[in-house]
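For reference, the structure discussed in these notes is given below.
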Amino acid sequence: MCGIVGYTGYRDVVSVLLKGLTNLEYRGYDSAGIALRDDNRIKVYKSLGKLINLKNEIEEKKHELKHPTSGIGHIRWATHGAPSLVNAHPHTCTCGNLVVVHNGIIENYKELREELIKKGCKFRSETDTETIAHLMADEYSKTKDLEKAVRNSVKRLQGAYAVCVMHKDVPDVIVGARKHAPMLVGAGEGENFIASDTPAIIEYTKKAIYLDDNEIAVITKDNIKITDTDGNILHKKTEILPWEPVALSKLGFKHFMLKEIHEQPDVIRNVLNGKIYDIDGPVILNEVKLDKEILKKLNKIEIIACGTSLHAAMVGKYIIEDFAGISVEVEASSEYIYRKTTTDSSTLVIGVSQSGETADTITAIKQAKEKNAHVLIITNRPDSNMARLADSLIPVNAGIEVSVAATKSYTAQLISFYLLAMHLAEIKETLDKTYLKNLKHELIQLPTKIEEILSNTSGIQECARKFSSYKNFIYIARGINLASAYEGALKLKEISYINATGYPAGELKHGPIAMLDETMPVLSILIPGGISYDKILSNSEEAKARNAKLIALTSSCDKNIDMLFDYVLRIPDISEILSPALTCVPLQLLAYYIAEFLGKDVDQPRNLAKSVTVE
Ligand code: G6P
Numbered sequence: 371m372c373g374i375v376g377y378t379g380y381r382d383v384v385s386v387l388l389k390g391l392t393n394l395e396y397r398g399y400d401s402a403g404i405a406l407r408d409d410n411r412i413k414v415y416k417s418l419g420k421l422i423n424l425k426n427e428i429e430e431k432k433h434e435l436k437h438p439t440s441g442i443g444h445i446r447w448a449t450h451g452a453p454s455l456v457n458a459h460p461h462t463c464t465c466g467n468l469v470v471v472h473n474g475i476i477e478n479y480k481e482l483r484e485e486l487i488k489k490g491c492k493f494r495s496e497t498d499t500e501t502i503a504h505l506m507a508d509e510y511s512k513t514k515d516l517e518k519a520v521r522n523s524v525k526r527l528q529g530a531y532a533v534c535v536m537h538k539d540v541p542d543v544i545v546g547a548r549k550h551a552p553m554l555v556g557a558g559e560g561e562n563f564i565a566s567d568t569p570a571i572i573e574y575t576k577k578a579i580y581l582d583d584n585e586i587a588v589i590t591k592d593n594i595k596i597t598d599t600d601g602n603i604l605h606k607k608t609e610i611l612p613w614e615p616v617a618l619s620k621l622g623f624k625h626f627m628l629k630e631i632h633e634q635p636d637v638i639r640n641v642l643n644g645k646i647y648d649i650d651g652p653v654i655l656n657e658v659k660l661d662k663e664i665l666k667k668l669n670k671i672e673i674i675a676c677g678t679s680l681h682a683a684m685v686g687k688y689i690i691e692d693f694a695g696i697s698v699e700v701e702a703s704s705e706y707i708y709r710k711t712t713t714d715s716s717t718l719v720i721g722v723s724q725s726g727e728t729a730d731t732i733t734a735i736k737q738a739k740e741k742n743a744h745v746l747i748i749t750n751r752p753d754s755n756m757a758r759l760a761d762s763l764i765p766v767n768a769g770i771e772v773s774v775a776a777t778k779s780y781t782a783q784l785i786s787f788y789l790l791a792m793h794l795a796e797i798k799e800t801l802d803k804t805y806l807k808n809l810k811h812e813l814i815q816l817p818t819k820i821e822e823i824l825s826n827t828s829g830i831q832e833c834a835r836k837f838s839s840y841k842n843f844i845y846i847a848r849g850i851n852l853a854s855a856y857e858g859a860l861k862l863k864e865i866s867y868i869n870a871t872g873y874p875a876g877e878l879k880h881g882p883i884a885m886l887d888e889t890m891p892v893l894s895i896l897i898p899g900g901i902s903y904d905k906i907l908s909n910s911e912e913a914k915a916r917n918a919k920l921i922a923l924t925s926s927c928d929k930n931i932d933m934l935f936d937y938v939l940r941i942p943d944i945s946e947i948l949s950p951a952l953t954c955v956p957l958q959l960l961a962y963y964i965a966e967f968l969g970k971d972v973d974q975p976r977n978l979a980k981s982v983t984v985e
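Residue numbers (our numbering): 371 to 985.
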């Protein structure tokens, strides 16, 4: 949520900042801006809306620039203050000499603002961020030391921040500080970077130093200094980033979302790699650091997550209870943190997050840790804050996901849950050996089955075209695919802005049925051989009787449903228990093609951000 990049070095500063912001655009796109130290001045350029507007603006004003050697940039996802030019970052102090960009929320900004106004500061925006600029400028006026000014100021900030600061009188120095919002320093030769996330810098360097809370980085082109807020020097480890710049290219696909959907077979192979060597042998999940004896006695798991990760967690609950007989609660992180939970030292708490930076989930995890629970994190970002809080960590290895709507990370989370559930079942000896063997066999075949779906998407495209003019959709399912219905509906909402809601099929008659008529398509997910197949069929009949248009998502062997349904989407035959890993693919594609037919901005849907770092 919001993206920051800072650079000082020998390259063209404007290009580095704009490239960095382009790679961070998934974090927000309400406005964008950069500040450059050029010609002994701080020059600020901002634009409303997407980054392209800023690029055009800078192109027009290029002649104003002499030779900038350092700069900071920001893309915004609005929290305090509407998306407007005046609220866009960077923000400066009254005289314009000190400039900041900021991610996060400053909770005590109103008090600070009042205090600074009394001191004569002139505020221009409605943002909490502008307060930081005035506060730091006030501190700088006392000490004439930028690093000290930042140190003194951050001690007064309450809330969350990743902040980057420059001052006209301190050439080519960028100071960064963080608390509860991610920030890292990229180390180069004769150049250094600072950013809120790795994609901003991977085209230039693979060496990164991650800042922890209450740490401050001072970078020049030849030096990186990290201190705590009292100025004590810290010797931090330089890590090598696992990402390749090619991950940020569309590789010929029209959108990142489509590319990422197509990556799913390889993502699953990656997740399974090294975990199942032999279908007769056990699942190798050394990542789970809990003692086997403790796992054997474990009788309660809580899974916390948001958005798409929450839907993966629902599948996780189903299979852990089914395979291992352990009771599992699933809860949205934003709900978990505001109630008295029964979490204690005998609870295994699993946090699921693509980004590993979702503020609600981080807070929930911290609360669980305070209650001495063992915390297992399933994330696509082993370099994230959440991963750092983990007692056990399962990295899902889906590679960088650029499209705001999560696809391949969801499948990777599902597969990780299957592995975990089988691992628990093996330890607790709750599943029959032949059943486990068949399950592993089928799991290994999943990538090929997804390839089969992806090799011919014309039916899904035709269905999307037929249904793209409808304003409302209902998705129904029962059992393990209920999460698929929620996730399919969420994908459609996110990228096409069509009102789509998932319901347990049995609940349709308890209210939602009142909405049904010919304007409301109902998509039913039903797997032949599944425990609730017949029931879902009956629920679909009930919808048909109310004139709803019906779409079925079923498997190839289901030959008897063409009469009832207006449109049938098929996946290769699969057992119901593993089917969520396949049903998600046509649902992702259906949402994708509907949004595409409607001309929506598929990769960057309005109002959304990929990583939500505010509660
Ligand atoms: C945002 C994104 C969603 C994502 C959710 C949880 O709302 O737009 O796509 O599912 O955050 O993110 P996480 O990184 O924790 O999985």
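For every residue, glycine included, the Cβ atom is placed at its ideal position computed from N, Cα and C.
Relative to the C-alpha of CYS676, which residue among THR728, VAL698 and LYS645 is closest? As a first step, residue 676 must be located in the sequence shown, where it is residue number 306. Comparing Cα positions, the closest option is THR728.
Give me every residue whose Cβ sits closer than 5 Å to any heavy atom of ligand 1, in chain order. CYS676, GLY677, THR678, SER679, SER723, GLN724, SER725, THR728, ALA776, LEU978 and VAL982
Start-to-end residues for the alpha helix (DSSP H) that takes in LEU665: For the purposes of this step, residue 665 is taken as the residue at position 295 of the sequence shown. LEU665 -> alpha helix (DSSP H) spans 662 to 667.
Residues in its own chain within less than 6 Å of LEU893 by CB, not counting five upstream and five downstream? As a first step, residue 893 must be located in the sequence shown, where it is residue number 523. If we look at LEU893 and ignore the five residues flanking it on each side, its Cβ neighbours are TYR845 and ILE921.
State the start and end residues of the unbroken alpha helix (DSSP H) segment that holds MET756. The residue labelled residue 756 in the question sits at position 386 within the sequence shown. From DSSP, the alpha helix (DSSP H) with MET756 extends over 755 to 759.
Nearest-angstrom Cα separation, counted from THR608 out to ASN602: The residue labelled residue 602 in the question sits at position 232 within the sequence shown. The residue labelled residue 608 in the question sits at position 238 within the sequence shown. ASN602 and THR608: Cα-Cα distance of roughly 18 Å.
To test your reading of the DSSP string, which unbroken alpha helix (DSSP H) runs of 4 or more residues are found completely within the region 834 to 905? 852 to 866
Please go through the same chain and pick out, in chain order, the residues whose beta-carbon is closer than 7 Å to the beta-carbon of ALA951, but skip the five residues on each side of it. By 1-based counting over the sequence shown, the position of residue 951 is 581. Counting only Cβ-Cβ distances below 7 Å, and skipping sequence neighbours, we find THR781, LEU784, ILE785 and LEU816.
So which of GLU561, LYS576, GLY560 and GLU559 has the shortest CA-CA distance to ASP567? As a working note, residue 567 is residue 197 in the sequence shown. The shortest Cα separation from ASP567 among GLU561, LYS576, GLY560 and GLU559 belongs to LYS576.
Endpoints, the beta strand (DSSP E) within which LYS577 is located: Here the question's residue 577 lines up with position 207 in the sequence shown. Run containing LYS577: 577 to 580, per the beta strand (DSSP E) assignment.
Say whether the region 806 to 824 touches the region 635 to 649, bearing in mind that this needs 3 or more beta-carbon pairs closer than 8 Å, one atom from each stretch. yes
What does DSSP give as the partner residues of THR924 in its beta bridges? As a position in the sequence shown, residue 924 is number 554, starting the count at 1. According to DSSP, which records beta bridges pairwise, THR924 is partnered with ARG940.
DSSP-derived helix/strand/coil call for CYS954: Locating residue 954 in the sequence shown gives position 584, where the first residue counts as 1. Helix at CYS954.
Per DSSP, what are the beta-bridge partners of GLU699 in this structure? On the sequence shown, position 329 is the one that residue 699 refers to. Answer by DSSP bridge pairing, in chain order: GLU672.
Taking only the alpha-carbon atoms, compute the straight-line gap between GLU657 and VAL766 and give it to the nearest angstrom. Translated into the one-based positions of the sequence shown, residue 657 becomes position 287. Translated into the one-based positions of the sequence shown, residue 766 becomes position 396. Their backbone Cα atoms lie some 11 Å apart in a straight line.
Counted within 10 angstroms of its Cβ, other Cβ atoms place ALA344 as buried (16 or more) or exposed: With the chain covering 371 to 985 only, the question about residue 344 has no answer from this structure.
Over what stretch of residues does the beta strand (DSSP E) that includes LYS416 continue unbroken? As a working mapping, residue 416 is identified with position 46 in the sequence shown. 411 to 418 is the span of the beta strand (DSSP E), which, as asked, contains LYS416.
Provide the residue span of the beta strand (DSSP E) that contains PRO438, from first to last. Position 68 of the sequence shown, counted from the start, is the residue given in the question as residue 438. Unbroken run through PRO438: none, as it is neither H nor E.
Unbroken beta strand (DSSP E) run spanning ASN562, endpoints: If you number the sequence shown from 1, residue 562 lands on position 192. Looking at the DSSP string, the run of the beta strand (DSSP E) that includes ASN562 is 561 to 565.
Do you know how far the Cα of CYS491 is from the Cα of THR464? Here residue 464 refers to the residue found at position 94 when the sequence shown is read from its first residue. Here residue 491 refers to the residue found at position 121 when the sequence shown is read from its first residue. Taking the straight line joining both Cα atoms gives about 6 Å.
Taking Cβ positions, are LEU718 and LEU660 nearer each other than 8 Å? Position 348 of the sequence shown, counted from the start, is the residue given in the question as residue 718. Position 290 of the sequence shown, counted from the start, is the residue given in the question as residue 660. For LEU718 and LEU660, yes; Cβs fall inside 8 Å.
Compute the Euclidean distance between the alpha carbons of GLY466 and ALA617, then round it to the nearest angstrom. Within the sequence shown, the letter at position 96 stands for residue 466. Within the sequence shown, the letter at position 247 stands for residue 617. About 38 Å.
Since ILE865 and GLU912 are thought to touch, with beta carbons under 8 Å apart, how far apart are those beta carbons, to the nearest angstrom? In the sequence shown, residue 865 corresponds to position 495, counting from 1. In the sequence shown, residue 912 corresponds to position 542, counting from 1. Contact doesn't hold; Cβ gap of about 29 Å is too wide.
Go ahead and pull the three-state DSSP assignment for ASP446. Locating residue 446 in the sequence shown gives position 76, counting from the first residue. The residue asked about is misnamed: residue 446 is Arg in this sequence, not Asp. Three-state DSSP puts ARG446 in a strand.
Helix, strand or coil for PRO765, going by three-state DSSP, please let me know. For this step, residue 765 is matched to residue 395 along the sequence shown. Strand.
DSSP-derived helix/strand/coil call for THR462: Residue 462 sits at position 92 when you count from the first residue of the sequence shown. If DSSP states are grouped into helix, strand and coil, THR462 belongs with the strands.
Decide if HIS433 is buried, meaning its Cβ has at least 16 other Cβ atoms within 10 Å, or exposed. Here the question's residue 433 lines up with position 63 in the sequence shown. Exposed, because fewer than 16 other Cβ atoms sit within 10 Å of the Cβ of HIS433.
Does the distance from the CB of LEU759 to the CB of LYS778 come in under 8 Å? Within the sequence shown, residue 759 is the residue found at index 389, counting from 1. Within the sequence shown, residue 778 is the residue found at index 408, counting from 1. The answer is no: Cβ separation not under 8 Å.
Assign CYS833 to buried or exposed, taking buried as 16 or more other Cβ atoms, counted over all protein chains shown, within 10 Å of its Cβ. For this step, residue 833 is matched to residue 463 along the sequence shown. Classification for CYS833: buried.
Alpha carbon to alpha carbon, how far is ALA795 from PHE626? Locating residue 795 in the sequence shown gives position 425, where the first residue counts as 1. Locating residue 626 in the sequence shown gives position 256, where the first residue counts as 1. Approximately 37 Å, taken between the alpha carbons.
LYS480 to ALA452, Cα distance in whole Å? Here residue 480 refers to the residue found at position 110 when the sequence shown is read from its first residue. Here residue 452 refers to the residue found at position 82 when the sequence shown is read from its first residue. Their Cα atoms are separated by approximately 17 Å.
Mind checking who LEU554 pairs with in its DSSP beta bridge? Sequence index remark: in the sequence shown, residue 554 carries index 184 (1-based). Answer by DSSP bridge pairing, in chain order: ALA565 and TYR580.
What residues in its chain sit with their C-beta under 8 Å from that of THR713, if we drop five residues either side in the sequence? Counted from its first residue, the sequence shown places residue 713 at position 343. Hits under 8 Å: GLU672, VAL719, GLN737, ALA738, LYS741 and ALA743.
Taking the CB atoms as reference points, tell me whether VAL456 and SER495 lie closer together than 8 Å. Position 86 of the sequence shown holds residue 456. Position 125 of the sequence shown holds residue 495. Yes. Within cutoff.
What whole-angstrom Cβ distance do ILE747 and ASP730 have, given they're in contact under 8 Å? Indexing the sequence shown from 1 puts residue 747 at position 377. Indexing the sequence shown from 1 puts residue 730 at position 360. Rounded, the Cβ-Cβ distance is 14 Å, inconsistent with contact.
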